[in-house]
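What follows is a single structure, written as structure tokens, with notes after it.
Numbering (this note's numbering), first residue to last: 1 to 185.
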């Protein structure tokens, strides 16, 4: 039996769901997919009170991504409640983490092997990994690089037919969480 007790926002909403985990090993990312026979995940949002603000905000990159790719209502809620999340409001944290896990579980249940909608979960990671490599391992947290990467990806695909609010919303939401919205100089 496998029991996971994630203690960061990133772990609670990302690696705890779906069986795919990565190890950021300096210049290379090592991915592993493992679907344990019996898996239990115990999420206690009180553990987030031990995190530095920077680490907390970094994890919200994945939370914001879930709203952006799958649930406009949730994304709107995040825009309105980012200050409460950063203040570690227990109800806000519980809702954001629960909804994030639901969204990721929904995507993963449809597509375990990334042959359908699951690659949408990688939004921001292509630019994000490039940022991590450029600035040097450990200079930016993973969520910081992904946040900037998502803003870059949305800017990259911006076109006249794409609602301008969609293009600006990620940057605004990440700024509220204190996350970078552009690549390093």
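All C-beta atoms, glycine included, are put in the ideal place defined by N, C-alpha and C.
query = Between the C-alpha atoms of residue 53 and residue 110, what's the straight-line distance to the nearest angstrom?
reply = 34 Å
request  = Report all residues from its chain with a CB closer than 7 Å to the CB of residue 103; omit the five preceding and five following residues, and keep chain order.
outcome  = 66, 70, 71
inquiry  = Classify residue 73: buried if its beta carbon has 16 or more other beta carbons within 10 angstroms, exposed otherwise.
reply    = exposed
ask   = Measuring CA to CA, which of 91, 100, 118 is closest to residue 75?
value = 100
inquiry  = Taking its Cβ as the centre, do 16 or more other Cβ atoms sit within 10 Å of residue 12, making it buried, or is it exposed?
reply    = Buried, by the Cβ-count rule.
request  = Take the Cβ of residue 87 as the centre, count every other Cβ of all protein chains shown within 10 Å, and call the residue buried at 16 or more, exposed below.
outcome  = exposed
ask   = Distance, Cα to Cα, residue 3 vs residue 132?
value = Distance between the alpha carbons of residue 3 and residue 132: 30 Å.
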